[in-house]
Amino acid sequence: MTSIIGPASFKFFGIFPAVILSFVLPVIGIGLFAYIMARRIAPLVRANPDNRFDHIGKRVRNLIFVWLGQMRQPRYMLAGVLHMTIFAGFLILSIRSSSLVIIGFSDGFVLPGFGGILGDIYNFFKDYAATFVLIACIIASIRRGIFKPKRYAVPEKYGKDHTGEAIFVLAIIATLMICESLFEASASAYEFQLTGREHFLAPLSLVWIFRSMLASAPQNILQGLHIFTFFVHDLAFFFFLCFLPLGKHFHVITSVFNVFFMRVKKGNIKPVMHGVADDKLDDLESFGVKKLEDFTWKHMLDFYSCADCGRCSDQCPANAVGRPLSPRFITIKARDLIFKNYPFSGEIYKSKLLVEDIYTEDEIWSCTTCGACEEECPLGIEYIDKMVDLRRGMVDEGMVPQSLQKPLKALEKRGNPYGKMEKKRADWAKDKEFKANWQIKDLAKEEAHTLYFVDSITSYDDNIQEIARRTSVILKKAGIDFGILGKNEKDSGNEVLRFGEEMLYQDLKEQNIEAILESGVKQIVTADPHAFNALKNDYGNSLPPVKHISQIVAEKITTGELDLKPCQNPDKVYVYHDPCYLGRHNGIYEAPRQALDAINGLTRVELEKSRDRSFCCGGGGLMLFYEPEEETRMGVLRVNMAAKAGATVIVTACPFCLVNIQDAIKVAGKEGEMEALDFTELIEQHLA
Amino acid sequence: MEILVCVKRVPDTAENEFELNSAGNDLDRDDLVYSVNEWDNYAVEEAIQIIDKVGGNVTVITVGDDESEEVLRREMAMGANDGILLCDDAFDGSDGKGIASILKAEIEKGSYDLVMTGAQADEGAGQIGGMVAAMLGMPYASLVNKIEIGDDKIIVGREIEGGNQEMNEMQLPCVISIQTGINEPRYVGIRGIRKVAKVDIPVKGAGDLGVDPESIGEAGAKTKRVDYFVPDMGEGAEMLEGSTDEIIEKLIERLKAKGGL
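Note that the protein sequences, when read in sequence, are chains A and B. Number 382 in this note's numbering belongs to position 380 of the first sequence; there are no gaps in the numbering. Number 247 in this note's numbering belongs to position 82 of the second sequence; there are no gaps in the numbering.
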C-alpha cells in the first residue's frame, strides 16, 4: 500500500463503501437545514415592511468594519479577542470544511486554484487558524463554565441559564478543529512512515503536534483514525449547521445580513409604517407594535441574530438601577416567542398582545432611549425603534401610566408638559437684572439671522431658565444676531415621539416648522440636546441648519470672537458628562471639551464611562414625569462615578442632565462636596 | 347593560392659572383651556370596564354649549358608544337643580340600568347625582370606589374615614357618583379623538326634552351667585431655611417656644 486510503475509497469492514455515508450525510444535512431555514423565514415574510436598501455605501462600510473587521468586539477585550479569533478561524476554515465534504466523494480533492502555492499558503494559515480557534474555545469554555462573568447570568424571571448551550457549541467547534487536524495528521504520519518524506506542516500548529504524537502509531490505527475523524467532522459539521438556527448561534448565519441592514442614521426614529407618509397616518387601522408580526422584518432578524452576549444589558442604565428592563431579554423573549409560535411543523400560533404576554408595560416605559445598548451591540441589533413602536401600540390601546397622561394632555393643550400658559414661554427674559442689560428679539415682531430654540424645560423651569439667560449672553457676546419664537414655540416633541404619542408629536412638529419657516432665520441654535436632536434628526430637511450652543462656543473660540478668562475656581476638578442626545445620538463629543479646555487653569478629568459609553443621567423630557420601579437612580450612579474619577464639579450640556444630576447629588448625600453646572453657566462666567 | 355617564366640560386645573375677571364675578375665561372633569373620566372608564365584562352600551351625556361636544368626543374615543349633547340658550344660567331637571328629562326617555356621574366637578358642587336620583326616584350611592355587578343588583363600596371600606347592595336601576382612584382611566390621544370625529352626536334642546323653560335657566334658578372673590392671604406660612440639621434645630426651637414640646 502506497498511501492511506481516503474516505471516498474506504470500505467499512472491507465491503461497505464509505462514500455512501459521505453522500448521505450532506444530503440529509443540507435538506434539513433548508427546511429549518424555510420555517425560520416564515415570520419575516409576515412581518411589517422596513426600508433597508438605502445608503448602500454606508451599509457596505458597516459590513467591512462591523462584520468583517469585528470593530465593536474589543470594547470587551477578552471576550472580544476570543470572538475575533473564532470568527477569523471560521472564515478561513469554511473553505477547508467545504472541501472536506467533497473529499468524501473524491480522495485528495483540492479546490480549483488551491493546488499550487496558494494552497500551501492557505494550508499554513488554516493550520494555525484551527489551532487558535481550539485555544479560544478552551479559554472561552473555562471563562463561561468556571469564572462565569456576571453579564451572562439569566435572572430567574427570564428563564433558564444559557451556559449549557454555550459550552455545548464550543465543544462542537473544538470537535471540528480536532477532527480536521487529526484527519490530516494521520495521513501525514502514515505517509512519513511509508516514504520517510515529511510533508510540511505549520510548526507548533495543532496538526503538527498531532503528527508528532502519531509518528510511531501503527498504520491500522492511523488508517482508522483517518476515516473516523473524517466522518466525525462530517457529522459535526452538518449537525452544527442545522443546530445554528435553533438558538443563539443563529447569528453565525444571520450576522452578515443583520449588520448589512443595521441602523445607518443616528438620532432618528422609524416612521410608524414604512411607506406610509405622515399625512396618511390617519388611514392606518392600528399603530405601532401590538403583536409579534407588527415588528418589521429587520427587527425580527434582530431577534434571530442576538448572540446573547449581554453587552447591551451590561451598558443599559435602566438595567443598572434595577428597573424592570434588560434589553437582552427584550430580544430573547421575542425570539423564544417566535420559536414557539412558528414551530417546525404544524400550525402557526396567533400572537397575543405582547405587553401582556411576554413584556410588561413598566418594562417598555423604563427605557430612556439613551442608545447605550445599540452603540454596544456587535451585531447592530436595534432597541430604540422597537421601544418606540411598542409604546405607539400601547398609546393606541390607551395603556399610558397616569403619571404620563397629565404632561401629555398639557402638551396637547398648551404645547408644554407643565401646562403653563403659552404667553409665559418667554418670561425667562423678563428677569429684572437680565432685562436691564439684554433685550431678546421676538421673531414674531422682528427679524434676526439666528433662532434660539429654547424648548419647554428651559422656558418654564425656574431653576433651568438660567440656561436660557446664559445662552443668550453667550450668543450676544459672540456677535450673533438672534431672536426667539416666544409663545409661537412649542415643545420640540423629542420625547413625545419617543414615548409613542405620534399624532401629538406630528402636531407639535408642524406648528414649530411653520413658526420657524415664517421667521425666516438662517440658522437655529439650542442649548437643549433633546430639542437639537428633534430639530436636526426628526423634523425633516425643510429647516435651516441646527447647532448646539457648545458647537457655537467652540467655533467662536477658534475664530477668536469669544475670549475666555482664566479659571475662576482653579482648585476644583471638573468632569464633563456627555448627554446622550448630544453625544451618542449626534456625535458631539469634542466641542464641549474643547471649550472647557480653552479655560486656562481648569483641571478636567474624564469619566471612565464617557463619550459613546456615557451613562444616562435618568432621561429627559417626559421621562422626568414617569415614576419607574427602581432600586436607585441613574443620576446617583453617575454622581458616584464622577466622585470616583476625582471630580468636584460635573459639567453637562443638557438641562435634563442638570436637573437629574443636581437631584442625584442631594440623594447621594454629596451636597457641599460636589456640584452640577451647565456648560452655558461655566462658559458665561468665564467670558472676557 | 345600558349605562349613562353624565360628564362636564371644566377649565383644566392643571393647565390654567386662575384669575378673576375685571367685573369680579367669575374667572377670567379668555385664556383658559378646558377638558373633561377629572372624576368623570373615572366614571366613563368604569362604565367601559363594566360593559367589557357583561356587555351593553355606554352613553355619555352633557349639558353645555357647542364646545362641550369636545368632551363627549374625548369620552367616546375612550370607548363610550354614544353621546348626547343637551344644548339650548334656555339652559344658560341654570343652577344645580336646573341642570338636574334637564338631565332627568333626557334620562327618562331612555331605559338605563345605571346612571353614573363623577363624585364632583372641578367647578361644581357635587349635587347633580343626588338630585337626579331623587327626581327619578332611584336609589343613589355617592363616592363609589368599588363596583361589583350582579344580575339586577349592584354592590358598591365607598371609603369611610380612617380608611375603612363600606359595601352596599342596591337594586338596579340606580344612580351612583364615582370617586377618583376606582380605576386607571385609559389614555386618549389625538388619534383616538380623530377616529370618532365624524360620529354623529344628537343635540337636544328644551323643546326636544319637553322641559318648561321657566323651570330652568336663569329664570328657574333658585340659587343665585352673589359674590366671587379670591380670599385675602392670611398670616403667611414661614419657610425655614438652611441645611437639614439647621432646619430641624429651628423647628424644635419654635415648637418649644410655642409650647408644642
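Even for Gly, the Cβ is constructed at its ideal location relative to N, Cα and C. The structure presented is a predicted model; accordingly, all values stated were derived computationally and were not measured.
Min CB distance residue i to chain A below 8 angstroms
i        : result
B/GLY370 : no
B/ALA208 : no
B/GLY407 : no
B/ALA179 : yes
B/SER307 : no
B/GLU182 : yes
B/ASP193 : no
B/SER436 : The first residue shown for chain B is 166 and the last is 426, placing residue 436 of chain B beyond what the model contains.
B/SER200 : yes
B/ASP287 : no
B/ASP196 : yes
B/ARG174 : no
B/ARG390 : no
Continuous alpha helix (DSSP H) stretch holding residue i: start and end
i        : result
A/LYS342 : 329-343
A/TYR628 : No alpha helix (DSSP H) contains A/TYR628, which DSSP labels as neither H nor E.
B/ARG238 : 234-243
B/ASN329 : That residue, B/ASN329, is in no alpha helix (DSSP H); its beta strand (DSSP E) goes 329-336.
A/VAL357 : 356-359
B/ALA270 : 261-274
A/GLN407 : 404-416
B/ASN222 : Here B/ASN222 belongs to no alpha helix (DSSP H); instead the beta strand (DSSP E) covers 222-228.
A/CYS139 : 119-144
Run of the beta strand (DSSP E) containing residue i, from where it starts to where it stops
i        : result
B/ILE320 : 318-325
B/PRO176 : 174-176
A/PHE289 : Taken as a continuous stretch (DSSP letters only), A/PHE289 belongs to no beta strand (DSSP E), as it is neither H nor E.
A/ARG613 : Where A/ARG613 is concerned, there is no enclosing beta strand (DSSP E), given that its DSSP letter is neither H nor E.
A/PHE484 : 484-486
A/HIS253 : First-last for A/HIS253: 253-262, but that is the alpha helix (DSSP H), not the beta strand (DSSP E).
B/THR282 : 279-283
B/GLY357 : Here B/GLY357 belongs to no beta strand (DSSP E); instead the alpha helix (DSSP H) covers 355-360.
Min CB distance residue i to chain B below 8 angstroms
i        : result
A/GLU509 : Note that residue 509 of chain A is Asp in the sequence shown, not Glu. Yes, because at least one Cβ of chain B sits closer than 8 angstroms to the Cβ of A/ASP509.
A/GLN664 : no
A/VAL638 : no
A/ARG427 : no
A/ASP398 : yes
A/MET275 : no
A/ALA412 : yes
A/GLY269 : no
A/GLU287 : no
A/GLY744 : Coverage of chain A is limited to positions 3 through 690, which leaves residue 744 of chain A absent and any answer about it impossible.
A/LYS415 : yes
A/ASP284 : yes
A/LYS408 : yes
A/MET401 : yes
A/GLN404 : yes
Please give me, in chain order, every unbroken run of the alpha helix (DSSP H) with length at least 4 that falls completely inside the region 293-318 of chain B.
293-301
Kindly confirm or deny that the region 639-653 of chain A and the region 604-618 of chain A touch, where touching means at least three C-beta pairs closer than 8 angstroms.
yes
With a threshold of 8 angstroms, are at least 3 pairs of Cβ atoms found where one atom belongs to the region 475-494 of chain A and the other to the region 432-451 of chain A?
yes
If contact is defined by three or more beta carbon pairs under 8 angstroms, each pair taking one atom from either stretch, is the region 52-62 of chain A in contact with the region 319-326 of chain A?
Between the region 319-326 of chain A and the region 52-62 of chain A, the count of C-beta pairs closer than 8 angstroms stays below three; the two stretches do not touch.
Counting Cβ pairs, one atom from each stretch, are 3 or more of them under 8 angstroms apart for the region 668-677 of chain A and the region 633-642 of chain A?
yes
Chain A contacts from the region 232-243 of chain B (Cβ-Cβ distance under 8 angstroms):
When C-beta distances to chain A are compared with 8 angstroms, the residues of the region 232-243 of chain B below that value are MET243, in chain order.
Residues of the region 342-356 of chain B with a CB closer than 9 angstroms to any CB of chain A: list them in chain order, please.
GLU349, PRO350, ARG351, TYR352, VAL353, GLY354, ILE355 and ARG356
Across the region 118-136 of chain A and the region 86-98 of chain A, are there enough close Cβ pairs to call them in contact, namely three or more that are closer than 8 angstroms?
Contact between the region 118-136 of chain A and the region 86-98 of chain A is present, because at least three Cβ pairs lie under 8 angstroms.
Given 8 angstroms as the limit, is there contact between the region 395-411 of chain A and the region 270-281 of chain A, that is, 3 or more CB pairs closer than that?
no
Count the CB pairs spanning the region 558-575 of chain A and the region 674-689 of chain A that are closer than 8 angstroms, and state whether there are at least three.
yes
Could you name the residues of the region 495-523 of chain A whose beta carbon sits closer than 7 angstroms to any beta carbon of chain B, in the order they occur along the chain?
GLU503, MET505, LEU506 and ASP509
Segments assigned beta strand (DSSP E), at least 3 residues, entirely inside the region 494-554 of chain A:
Complete beta strand (DSSP E) runs here, min 3: 525-528 and 548-550.
Contiguous alpha helix (DSSP H) assignments of at least 4 residues, all confined to the region 633-683 of chain A
636-646 and 657-669
I'd like to know if the region 101-111 of chain A and the region 7-17 of chain A are in contact, where contact means that at least 3 CB-CB pairs between them fall below 8 angstroms.
yes
Does the count of Cβ pairs from the region 160-176 of chain A and the region 188-207 of chain A closer than 8 angstroms reach three?
The answer is no - the region 188-207 of chain A does not touch the region 160-176 of chain A, with fewer than three Cβ pairs under 8 angstroms.
May I ask you to verify whether the region 281-293 of chain A touches the region 67-82 of chain A, counting CB pairs closer than 8 angstroms and requiring at least 3?
no
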